[in-house]
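For reference, the structure is listed below as structure tokens.
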Amino acid sequence: VEVPPEERQQLTTLLAAQQPFRCCPVYLDEETADGYYNGFSNNVLWPLLHYIPLSMLDSHGDAAERQWSCYQAANAAFCDAVMSISPTELDTVWVQDYHLMLLPQYLRDASPSLSIGWFLHTPFVIADMYLTLPHREEILRGVLGADLCGFHIYEYAQHFTSACGQVLGIGGNTGVTQGPDGLFDHASRRSVAIDTFPIGIDPAPFERALDSSAVKDKIIDLQRRFDGKKVLLGIDRLDYVKGIPHKLKALEYFLGNYPAWRGKVVLVQIAVPSRTEVAGYQKLRANVHRLVSRINGTFGTLEYVPIHYLDQSMKFPELCALYYRADSMVVTSLRDGMNLVSFEYLACQTSKNAKGVLVLSEFAGAAQALGAGALLVNPYNVAEVARAIDESLNMPASEREERFEYLDKHIHGHTAQEWAEQYVGSLRHARQTSSYDAGPFSELSLAATLPVQQVVASYKACERSAGQRLLIFGLLGTLIDYESFASLQPPPQWVRRNLAALAASPHNTLVVLSGRERALLNEWLGDLPIWLVAENGLWIRPPPGWESGGGGGGGAAASGSAASLPASTWEMVAEGVDDSWMASLKPIFKYFEARTPETLTEVQEHTITWHYCDAADEFADVQAVALQSHLVKVSGNAPVEVGLDMKRVEVRPYGVSKGAAISRILEQLSALEAEHVLLSHSNPNPNQHSRGHAFHCLPPFSSLCPALAAPRTHALL
Numbered sequence: 021v022e023v024p025p026e027e028r029q030q031l032t033t034l035l036a037a038q039q040p041f042r043c044c045p046v047y048l049d050e051e052t053a054d055g056y057y058n059g060f061s062n063n064v065l066w067p068l069l070h071y072i073p074l075s076m077l078d079s080h081g082d083a084a085e086r087q088w089s090c091y092q093a094a095n096a097a098f099c100d101a102v103m104s105i106s107p108t109e110l111d112t113v114w115v116q117d118y119h120l121m122l123l124p125q126y127l128r129d130a131s132p133s134l135s136i137g138w139f140l141h142t143p144f145v146i147a148d149m150y151l152t153l154p155h156r157e158e159i160l161r162g163v164l165g166a167d168l169c170g171f172h173i174y175e176y177a178q179h180f181t182s183a184c185g186q187v188l189g190i191g192g193n194t195g196v197t198q199g200p201d202g203l204f205d206h207a208s209r210r211s212v213a214i215d216t217f218p219i220g221i222d223p224a225p226f227e228r229a230l231d232s233s234a235v236k237d238k239i240i241d242l243q244r245r246f247d248g249k250k251v252l253l254g255i256d257r258l259d260y261v262k263g264i265p266h267k268l269k270a271l272e273y274f275l276g277n278y279p280a281w282r283g284k285v286v287l288v289q290i291a292v293p294s295r296t297e298v299a300g301y302q303k304l305r306a307n308v309h310r311l312v313s314r315i316n317g318t319f320g321t322l323e324y325v326p327i328h329y330l331d332q333s334m335k336f337p338e339l340c341a342l343y344y345r346a347d348s349m350v351v352t353s354l355r356d357g358m359n360l361v362s363f364e365y366l367a368c369q370t371s372k373n374a375k376g377v378l379v380l381s382e383f384a385g386a387a388q389a390l391g392a393g394a395l396l397v398n399p400y401n402v403a404e405v406a407r408a409i410d411e412s413l414n415m416p417a418s419e420r421e422e423r424f425e426y427l428d429k430h431i432h433g434h435t436a437q438e439w440a441e442q443y444v445g446s447l448r449h450a451r452q453t454s455s456y457d458a459g460p461f462s463e464l465s466l467a468a469t470l471p472v473q474q475v476v477a478s479y480k481a482c483e484r485s486a487g488q489r490l491l492i493f494g495l496l497g498t499l500i501d502y503e504s505f506a507s508l509q510p511p512p513q514w515v516r517r518n519l520a521a522l523a524a525s526p527h528n529t530l531v532v533l534s535g536r537e538r539a540l541l542n543e544w545l546g547d548l549p550i551w552l553v554a555e556n557g558l559w560i561r562p563p564p565g566w567e568s569g570g571g572g573g574g575g576a577a578a579s580g581s582a583a584s585l586p587a588s589t590w591e592m593v594a595e596g597v598d599d600s601w602m603a604s605l606k607p608i609f610k611y612f613e614a615r616t617p618e619t620l621t622e623v624q625e626h627t628i629t630w631h632y633c634d635a636a637d638e639f640a641d642v643q644a645v646a647l648q649s650h651l652v653k654v655s656g657n658a659p660v661e662v663g664l665d666m667k668r669v670e671v672r673p674y675g676v677s678k679g680a681a682i683s684r685i686l687e688q689l690s691a692l693e694a695e696h697v698l699l700s701h702s703n704p705n706p707n708q709h710s711r712g713h714a715f716h717c718l719p720p721f722s723s724l725c726p727a728l729a730a731p732r733t734h735a736l737l
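This note's numbering applies: residue 21 is where the sequence shown begins, and numbers increase by one.
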């Protein structure tokens, strides 16, 4: 809406006083509005999100950059409008759709304490297509400024998550890490919840309208006009993603191959005008008109017109009457975020004795919600759509009633009101857990290394007070450098000497955590009087002599050589491990290994891991996300977890983690009241650490033992 500059202040004041919404207008100049809305939003983002590839003309040249600049400026203007009302940390900002994908981060920068949500009302394209988008990283960074990112269905959320991994990278200082509830953005040090919220409608207005005299009169008119005929209904915005030409060609095939229905079936197609000034939409409209003319010319007579086509919007009473009269609703969207027209049709069928049938594209988001009661079709297959139309018209009343009962229950149980309440409730929870020191990703902090003097002082203080110390070390990246991993080099002798020196103290209990198999740990560290954890927590082994009454890791060594003590046995932390999945998943790992240089597949007793720490970062990150996604799909109901972190993709038995192993060890060390607890580990995954225990960040390993011979130059976490 264009508002003259001299009238803007008056309109702003008037809208601010309107209850209950108190709107705040955003004013854009004509050039910015055009480049923002008709340009980048609807000429770049809209097609791409609906699986329509960008052309060279869309992604290059001065026009494309101007549209991007307008998109940035418009999002900044919305941010300024929000900030002009002085929001507090108790306020919530809910950002809607692809037009405002930069706004969440703009708001976060302007007011870090705001509760910010973002919801996408369209599909989100697969990651491979999203990669073609210019400014793809800026768009994702903008969205990740929200506390909660909402999507209609799980598929869209997964595509978004995958795109973040491929574009922003996995882990590191600027990438993302996926968790059970969303993503941790390492660049901003915040967790972002990602969830699905299928939108619905409010059925009540449609049901009330059907009781009005205006709608009843129109229903009578329609009954009279289409007396003795079956009515198919299509109501779509005139847009290339709505599949109107596909629907018309399916009807043409239907009338040609099901001749018994000629003269007995009509399609009422309402095409709501959209972006009429755009050449592509004008071409679409002309193409649709040609199809309608051809079909009516081929199958029509003086008394029979197969297609009743209108290029116009419908008033609400007329719309409700059409919904009620239609025997079948035909939706052939090529891509659709949800398609609420399907819901509206069903709402108007509630009071009807002979229930209608919904023929629904499998590419509409509504197929996830309504698929069990609808006839799902591939809109690109005209024969399949035609068969579904025939089936809908011949469907027995009992089956129509059974299908409708399911659909009716869904639309009344998943209303627009419930959708909004569910989203806002989830946003409140997400805001409480999004900051660095709260929520599921709180342990992902790259905390600053404790000063050497502080650690050493604490270490020695325990000795003076005869206190106990619990020292937990990771193997890869802590005791062994990454570069020595692929060649399977054991820990250097200086590391073994200093582990032995630390374990020799009766005040110390040592634990070494590893993802390697237990046979290798036995070979490398088995003779040391320390606790060992293998296969990322699946196996634990006490120090030699533990079963004979040895100490917590130091006592056994204090009384003599570990080699002279009884050997320890390995204990499996998880029970009833099922390895039947390994044979089918191993070839998948090998497939990705063969196609990704400098990667390695490690097959252990009960775990398979694909390591890519030595591979080229960008390509290997893309491959890792693809491997993880594929493994999640093919593993099905197998009792396993698929993890991606620390430059590896791993499948392991469900419930296995280093954290669970540490907890088991602490249970066995229940008599140990440690005054000094230190964890030195290179893996920041919160699922790998024992919850409820306060671990501190170690300085370099060399600082802990004065007898250390070789210097270490990097801090350890």
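Quick reminder that beta carbons are idealized off the backbone N, C-alpha and C, glycines included.
In this structure, Ala-635 lies away from Glu-622, with their beta-carbon atoms at least 7 Å apart. Annotation for Ile-685: Val-531, Trp-551, Ile-560 place their beta carbon closer than 7 Å to its own, counting only its chain and skipping 5 residues before and after. Taking all protein chains in view, the Cβ of Ile-105 is surrounded by fewer than 16 other Cβ atoms within 10 Å, so the residue is classified as exposed. Less than 7 Å divides the Cβ of Lys-250 from the Cβ of Asp-347.
The residue among Phe-139, Ile-173, Gly-357, Leu-380 with its C-alpha nearest the C-alpha of Leu-164 is Phe-139. Burial of Arg-536 is indicated by the presence of at least 16 other C-beta atoms within 10 angstroms of its C-beta.
Looking at the backbone, the Cα of Gln-39 and that of Glu-638 are separated by about 52 Å. DSSP places Gln-178 inside the alpha helix (DSSP H), whose first and last residues are 174-188.
According to DSSP, residue pairing for Ala-213 in a beta bridge involves Leu-168, Gly-202.
For secondary structure counted as the beta strand (DSSP E) over 3 or more consecutive residues, the stretch 229-278 holds these complete runs in sequence order: 250-257. A straight line joining the alpha-carbon of Gly-320 with that of Pro-326 spans about 6 Å. DSSP places Asn-528 inside the beta strand (DSSP E), whose first and last residues are 528-533. The secondary-structure analysis by DSSP pairs Val-288 across a beta bridge with Leu-253, His-328. Secondary structure at His-631: strand, using DSSP grouped into helix, strand and coil.
Note that the C-beta distance between Val-351 and Asn-359 is below 7 Å. In the DSSP assignment, Leu-380 falls within the unbroken beta strand (DSSP E) covering 377-381. Distances from the CA of Arg-282 to each of Leu-69, Val-288, Leu-271, Val-660 were compared; the closest alpha carbon is that of Leu-271. For Trp-551, the uninterrupted beta strand (DSSP E) segment begins and ends at 551-554.
In this structure, Leu-268 sits near Leu-311, with a CB-CB distance shorter than 7 Å.
When rounded, the separation of the alpha-carbon atoms in Ile-219 and Trp-439 is 6 Å. In the structure shown, Met-592 falls within a strand segment according to DSSP collapsed to helix, strand and coil.
Here Val-288 is buried, its C-beta having at least 16 other C-beta atoms within 10 Å.
Contact check for Ala-234 against Pro-337 passes: the beta carbons are separated by less than 7 Å. The stretch 336-406 is shown to contain whole beta strand (DSSP E) runs of 3 or more residues at 348-351, 377-381, 395-397, in chain order.
Around the beta carbon of Gln-29, fewer than 16 other beta carbons sit within 10 angstroms, so the residue counts as exposed. Positions of the alpha helix (DSSP H) runs, each at least 4 residues long and wholly inside the stretch 111-147, are given as 123-130 in order along the chain.
Apart from the 5 residues on each side of it in sequence, His-70 sits with its Cβ closer than 7 Å to the Cβ of Thr-142, Pro-143, Val-261, Arg-355 in its chain, given in chain order.
Nearest to Gln-125 by C-alpha distance, out of Asn-95, Asp-117, Ala-481, Leu-153, is Asn-95. Inclusion of Phe-274 and Ala-406 in the CB contact set at 7 Å is warranted, their separation being smaller than that value.
As a beta-bridge residue in DSSP terms, Trp-559 pairs with Ala-554, Met-592.
DSSP places Thr-435 in the coil class of the three-state scheme, outside both helix and strand.
Straight-line spacing of the CA atoms in His-119 and Tyr-91 works out to 8 Å. Here Val-212 really is in contact with Gly-202; their C-beta atoms are around 5 Å apart, less than 8 Å. For Asp-665, the three-state secondary structure derived from DSSP is strand. Under DSSP, Val-623 takes part in a beta bridge, and its partners are Ile-628.
Residue nearest to Asp-111 within the set Val-642, Pro-511, Ile-136 is Ile-136 (criterion: CA-CA distance).
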